[in-house]
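The listed protein sequences derive, respectively, from chains C, L, D and Z.
Following my numbering, the numbering of the first sequence begins with 1 at its first residue and continues without gaps.
Following my numbering, the numbering of the second sequence begins with 1 at its first residue and continues without gaps.
Following my numbering, the numbering of the third sequence begins with 1 at its first residue and continues without gaps.
Following my numbering, the numbering of the fourth sequence begins with 1 at its first residue and continues without gaps.
Backbone N, C-alpha and C fix where the C-beta goes; we use that ideal spot for every residue, glycine too.
So the structure is just underneath, and the comments pick up after that.
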Amino acid sequence: MHHLSRITFIVLALVLTMGICSAQAKDEIRVSGQPCLHGLPTWWAIEDGWTKDKNIDLTYTLFPSGAPQVEALAADQWDVGAMGTVPTMMAILRYGAKLIAISNDESETNDLWVRPDSPILKTKGFNPKYPEIYGKPEDWKGKKILVTTVSTVHYALDATLKALGLTEKDVEVVNIEQGQAVTAFASSQGDVVCLWAPFSYTAESKGWKKVSSGARSGAMIPGGVVVRKDFAEKHPDLVVEWLDLYMTALDRMRTDKAGSGVWLNKYFAGYCGLQLPESAIKSEFELRPIFSVEQQVKALTAPDEASAWMKGVADFFAGQGRITKADMADLEKSNFGIDASFMKKVQEKRAAKK
Amino acid sequence: MTNQQLSENYHRGKEVKVSVTDLTKKYDDLLVLNDISFNIYKGEFLCIVGPTGCGKTTFLNCLSRFIPTTRGDILVDGQPADPTHHDMAFVFQEVSTIPWLSVEDNIRFGLKVKRRPPDEVERRTEQMLELVGLKKFRSYFPRQLSASMEQRVVIARNFALNPDILLMDEPYGQLDLKLRYYLEDELIRIWQEIGCTVLFITHNIEEAVYLAQRVLVLGQKPATIKEEIIVDLPRPRNFADPAFVKIRDHVTDAIRWW
Amino acid sequence: MSTAHASALEAPATSRVKGYWKEYNSSVFSLLVFLLIWELVCRLGFISRFQLVPPSEVIVVMIEKFWTAPPDGATLFTHIAASMTLALVGFCAAVVVGVPLGLLMGWYKPVMVLVRPLFDAVRPIPPIAWIPLAILWLGIGIEAKAFIIWLAAFVPCVINSYIGIKLTNPVLIRVARIYGASNWETFIKIGVPSAVPMIFTGLKLSLNAAWTTLVAAELLAASEGLGYMIQMGRRLARPDIIIVGMLTIGFTGALMSYVLTKIESRIASSRRL
Amino acid sequence: MANAAAANLKEKIGAVFSFVIFLALWQVASMAVGSEALPSPADVVAKAQEMYTSQIGGKSMWMHIYYSLRRVVGAYLLAAVTGIPLGIAMGWNVKFRKIANPIFELLRPIPPIAWIPIAILWLGIGEGPKIFICYVGAFVIFVMNTYTGMRYTDHLLIDAARTFGATRRQQLFNVAIPASLPSIFAGVQNAMSMAWMCVLAAELVGAREGVGFIIIQGMDLNNSPMIIVGMITIGLIGLFLAVSLRYLEKLLCPWRRELQ
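Encoded structure:
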């Protein structure tokens, strides 16, 4: 017993000292991100040397997906970061993280694909309210759908099924990770596959057809930018400083798509190890609406925007039995962790500069 | 009677069971057996003695076709020796009971491999169980038996076949004296009752003289037959009998010579 | 009279209980201390409750999970049944293929010469590295998962059967030969039975490997199973679900190897091996 | 001698023959099912050449291998240093065994891969959890093998030592430990292959470098030649680790004979 705990202690101590040794510096902000458009800003800022004349030091950690990113948040491994709606919600619900910005609108890049010979492609706009969704309910019934469950694309699938007057019981849902889903669908498994970018681009390049998406089915899927609770309380100024950088990158992406595209390509290919075709890089900017500082402030404060979007996702999870009523109440009580104060400070800061 | 006469009398009118001619075995360049020729008669108890390492085991292995011979013929009833045609049996130096078979299944093993009819298998098995006195232990496994019982199982298994020839390769070498004497008597008793041909190899001269009707003495490598001695003593034999001692000393001399 | 009888009968029983207690009291004690420390570490806030859940909560969640499906979509029993089916399918397939292959490799030289190089070449690739190809070839049903588990369980089956038959006592082989048994007959009647103890050791290793790989296999398209449960626990940031999943995997795995050991000792004792 | 050489040659020819058959079957199969599902050997070789000369995820193949190896070797050594003494203590001291065994038995059957979420929760991302996963895998095997070896030490040996008046300490270091070496060494090999498997699992679930990452990349990019090159690389490294351990073992314990 003593031995065992001593061993674990030694292991922990070793790892912790390694962590601490490498982490002691000036005002450090540890940023987390994913191989995705919303991960680019911090990496861009580091690579392009935006922080040279600033008193902050950025370190960037890449996570393959939301689950380990949230787990690492529990282990106090990062301070600020961008991620999908579901991990954002989990971080808020479990760890009291704050939602301080919307990285982008991911509704269109959470999409559903079929093979070109699918009967679903025959009809379009069965429900006039959702003209862009393909297929009649009969076409969809009984289909085997590959989806990463408990994710934003699951939300998009749910919205699509609802738009067609169906529920999950009418189809066969198979839980699968994104990369595996592409592989499986490519080897003729399943009838519909639910993906998010950049996996959607692989789907596109394989000639699969998009039959619905979050945007087409009325599911708003905002990418979350979150800050760790402790960090937000102890270093609000650093959060603002970083958020300013983040917004600078978003502004560039909005205004200079070609120039940003070069950086995005570098980020994907050079850093994340993802080789994407040029058209995909272009699509990234076309399909993901990005908000300016003013829009952000409005979205974060208006009752029918960010909080409504988050509530939509939360309702979906509650309906699925993934979160409890108490969880739901917690979320509503904290207004889904939305905290516009940082974005407002960025706005003030910029106004002052002008 | 001189040795010469004894020998002539012995060989006269006997039916040859196994005939070995010019048996030679080489391992690459190492000559192990050199031109060995002799006959074994039907129902005979023949012992071969020789110093350790003289090739006794190689000889037996050639005889039972475990290893190919370099030259020479081994005929059983005029046919080349072959375990699949002839009923051969072998008692090894090591205890060779099959650990996962019960006593009776061990005894049945050879009969079953030989595909004897089931009623014969049962009959012979019962007979052998009786003969070696293991009836009470029929369902025991070798692990549960003493060393002497295990050897009796092995002997029973081999005699059950009523083999054309039973080859025994120092079967009692590992046992203590008392047990050995007991098993030797047992062996003679069963042999007399069943009456099959036995070729018994040993380095123990006393044992050879005690058991055999005839003793062949092998010389050092490469092994050749140096001498043949007829043991013309009544049974049960007595180690202290002067006649026994005389033959034993004779064999001892024969071996010491080379 | 009858009371005297009763006490005479009881005496050994109580002393047996006492004996057990004496044997295991320090073990029980150490487990309790372990759980207590775990509980305290969580309760006193040495470690955040998002990183480790106290055992009391784990037990509550575990008991709840026996009949409630949320948040991971199925009850604990469903998960256990799904995982066990998967592991046993892979394991049995590995036994059916691996044991004969190992035995034949150990007995027949040409089989060994042909198969061994491939086996040696494939063996160092951990089963989970096959996951992508398994999807590509076998899809996302039970086949692909069973294939991964099969690969893991296959190797110890082959190796142990191979070693087992190689260790056959040569004297026994000669016994069969001298009675005129063919090579095949000797293989069946001597080689195979004498390899049985080693095969059983292999089966235990195999089952262990199958169960170890299960979680990895269930990372691949699953909608139930203990690996899936852990996966859901991650996506929902529920450490309690994760820990319940881990412990259940541990318990179930231990239970399965216990059953196999029982079967083995039963067979061994019936054959007095 | 001549026979042995001939047998050796025969075996080599057999090996070559079996690989040729294997490659031929592979080629035929890939033509049958299409290079999408199963790339031909030639595709794989071409891809391997490309992968080993260019960068993947910002690092060369050799760097990926280096990262994986570093994790495995670090965790492995840590596991050996901690696991073997624990196994010895458990096998030697009855009291210690009674205390440690139940906890060990409680945690032992949990597969290392199942520790991944907890590892991340405790240690975050980065090297920590990956090393931890490999450590768990190798540690259990080290403890088990050492413990088994100690428990099955022939009591005669220890009694013999006792009659010579050996102290408890001498009995342990001069008799019990050397006697359990074979069992410990069996663990040395197994622990390595377990650690190697675990590093893959850890990298499959989340890493930016290492050979497991290569496979995941291949899958995410739906590039099956890349997956296969990754697998072959993994196999070769696994083989390399096993062989070098065997060599080391021969160097350290020349008395150990191996079953061919």
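What residue range is occupied by the uninterrupted alpha helix (DSSP H) comprising residue i?
i: residue 201 of chain D; result: 192-218
i: residue 312 of chain C; result: 306-320
i: residue 111 of chain Z; result: Run containing residue 111 of chain Z: none; DSSP gives neither H nor E here.
i: residue 48 of chain Z; result: 41-53
i: residue 58 of chain D; result: 55-65
i: residue 95 of chain D; result: 76-107
i: residue 95 of chain Z; result: 94-107
i: residue 59 of chain C; result: Segment 56-62 is the beta strand (DSSP E) holding residue 59 of chain C; no alpha helix (DSSP H) there.
i: residue 62 of chain L; result: 56-63
Below 7 Å CB to CB, which residues in the same chain sit around residue i once its five sequence neighbours on both sides are set aside?
i: residue 180 of chain D; result: none
i: residue 245 of chain Z; result: 188, 189, 192
i: residue 257 of chain D; result: 204, 207, 208
i: residue 352 of chain C; result: none
i: residue 215 of chain L; result: 47, 49, 208, 209, 229, 231, 251
i: residue 244 of chain L; result: 209, 233, 237, 238
i: residue 205 of chain C; result: 277
Per DSSP, residue i is paired with what?
i: residue 175 of chain C; result: C:147
i: residue 71 of chain L; result: L:24
i: residue 209 of chain C; result: C:114
i: residue 39 of chain L; result: L:19
i: residue 134 of chain C; result: C:124
i: residue 146 of chain L; result: In DSSP, residue 146 of chain L forms no bridge with anything.
i: residue 197 of chain L; result: L:165
i: residue 45 of chain L; result: L:198
i: residue 122 of chain L; result: None, per the DSSP bridge assignment.
i: residue 259 of chain L; result: Any property of residue 259 of chain L remains undetermined from this structure, which presents chain L solely from 1 to 258.
i: residue 182 of chain D; result: Bridge partners of residue 182 of chain D: none, in fact.
Since residue i meets chain D, which of its residues come closer than 7 Å, beta carbon to beta carbon?
i: residue 75 of chain C; result: 51
Report back the beta-carbon spacing between residue i and residue j to the nearest angstrom; my notes put them in contact at under 8 Å.
i: residue 72 of chain C; j: residue 120 of chain Z; result: 6 Å
i: residue 183 of chain L; j: residue 148 of chain L; result: 6 Å
i: residue 222 of chain L; j: residue 55 of chain L; result: 7 Å
i: residue 201 of chain Z; j: residue 128 of chain D; result: 5 Å
i: residue 99 of chain C; j: residue 327 of chain C; result: That pair is no contact at about 16 Å.
i: residue 228 of chain Z; j: residue 44 of chain Z; result: 5 Å
i: residue 313 of chain C; j: residue 85 of chain C; result: 5 Å
i: residue 107 of chain C; j: residue 225 of chain C; result: At roughly 17 Å, the Cβ-Cβ gap does not stay under 8 Å, so residue 107 of chain C and residue 225 of chain C are not in contact.
Starting from the beta carbon of residue i, find every residue of chain C whose beta carbon is closer than 7 Å, and list them in chain order.
i: residue 124 of chain Z; result: 72, 75, 77
i: residue 232 of chain D; result: 150
i: residue 257 of chain D; result: Per Cβ cutoff of 7 Å: no residues; residue 257 of chain D is ~22 Å from chain C at best.
In chain D, which residues lie with their C-beta within 9 Å of the C-beta of residue i?
i: residue 200 of chain L; result: In chain order: nothing, as chain D lies at least about 15 Å away.
i: residue 98 of chain Z; result: 23, 24, 25, 26, 27, 29, 30
First and last residue of the beta strand (DSSP E) that includes residue i?
i: residue 214 of chain L; result: 214-218
i: residue 104 of chain C; result: 98-105
i: residue 222 of chain C; result: 222-227
i: residue 100 of chain L; result: Where residue 100 of chain L is concerned, there is no enclosing beta strand (DSSP E), given that its DSSP letter is neither H nor E.
i: residue 80 of chain C; result: 80-83
i: residue 281 of chain C; result: First-last for residue 281 of chain C: 278-287, but that is the alpha helix (DSSP H), not the beta strand (DSSP E).
Tell me which residues share the same chain as residue i and place their Cβ nearer than 6 Å to its Cβ, disregarding the 5 neighbours each side in the sequence.
i: residue 7 of chain D; result: In this prediction, residue 7 of chain D has a pLDDT of 45, which is less than 50 and means its spatial position is unreliable; what the coordinates show is noted afterwards. Excluding residues within five positions, none has a Cβ falling inside 6 Å.
i: residue 164 of chain D; result: 195, 198, 199
Name the chain Z residues whose beta carbon is nearer than 9 Å to that of residue i?
i: residue 268 of chain C; result: Going along chain Z, no residue has its Cβ under 9 Å from residue 268 of chain C, so there is no contact; the nearest lies around 10 Å.
i: residue 202 of chain C; result: 220, 221, 222
i: residue 272 of chain C; result: 57, 58, 208
Interface residues of chain L around residue i at Cβ under 9 Å?
i: residue 81 of chain D; result: Simply none; closest approach about 36 Å.
Near residue i, which residues of its chain fall below 8 Å by C-beta distance, leaving aside the five closest residues on each side in sequence?
i: residue 166 of chain C; result: 137, 140, 141
So with CB distances below 7 Å, who are the chain L contacts of residue i?
i: residue 180 of chain D; result: 83, 84, 113, 114
Quick one: list the residues of chain Z neighbouring residue i, beta-carbon separation under 7 Å, in chain order.
i: residue 216 of chain D; result: 113, 201
Counting only Cβ pairs nearer than 8 Å, list the residues of chain C close to residue i.
i: residue 194 of chain D; result: The premise fails here: residue 194 of chain D is roughly 40 Å from chain C at the closest Cβ pair, so nothing lies under 8 Å.
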